Amino acid sequence: MFEAKLTQGSLLKKILDAIKDLVPSANWECSSTGVSVQAMDSSHVSLVSISLSSEGFDPFRCDRNIILGMETASLSKILKCASNDDSITVRAEESTDTVSFIFESPNQERVCDYNMKLLDIDSEHLGIPEQEY
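-3 is the number of the first residue of the sequence shown in the numbering used here; add one for each residue after it.
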C-alpha cells in the first residue's frame, strides 16, 4: 500500500501546473525514500525530473515500490478541485488500477475523495549526471 499526505496541497497543484502542458503523462515512482517523476515531452526535447522526499509528507507509507502512471492533464483537473489550503492525501493499493486523492480542509469541514484510473506507461529511467556551474 502507498499513502502520502501533503499538508500543503498547493505544492502539488503548482508542480502539476508547471508540467501539465509539457508532459502529457508520467510515471510517479513511489518508494520508501519518496516519490519521483521522470518524463520526457512528446518531441523528446525536454526532460522533467521531480523528486519529493518522504520527509515532506506527513504521514508517508510505502510498503513496496509502486509505479503510478497518470495523465497529467486529468490529474491537474482533479487537483483544481482542492483549495490552496487543503491537505492532499494520495492513496493506492498494489492490487488495484486506481489511485485516490483525498482533499481535506484545515478544519476538516470538507472532505472530497476522487479516484483516477492508472495508465500503463512504457518508460525508462534516465541518468542525469551531476553538473557544477
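Ideal Cβ positions, reconstructed from N, Cα and C, are used throughout, including at glycine. Values in this document were obtained by computation on a predicted structure and should not be read as measured data.
Beyond the five residues adjoining it in sequence on each side, residue 49 comes within less than 6 Å, by CB distance, of 30 in the same chain, given in chain order. The three-state reading of DSSP puts residue 62 in strand, counting E and B together.
By the neighbour-count criterion, in which a residue is buried when 16 or more other Cβ atoms sit within 10 angstroms of its Cβ, residue 58 is buried. Sixteen is the threshold: since fewer than 16 other Cβ atoms of the shown chains lie within 10 Å of the Cβ of residue 43, the residue is exposed. A straight-line Cα-Cα distance of about 11 Å links residue 12 and residue 22.
In the three-state scheme derived from DSSP, where H, G and I count as helix and E and B as strand, residue 73 is classed as helix. Beta-bridge analysis with DSSP links residue 8 to no other residue.
Residue state for residue 52 is assigned as helix, using DSSP reduced to three classes. Scanning its chain for C-beta atoms nearer than 8 Å, with the 5 sequence neighbours on each side dropped, one finds around residue 107 the residues 98, 99, 100, 101, in chain order.
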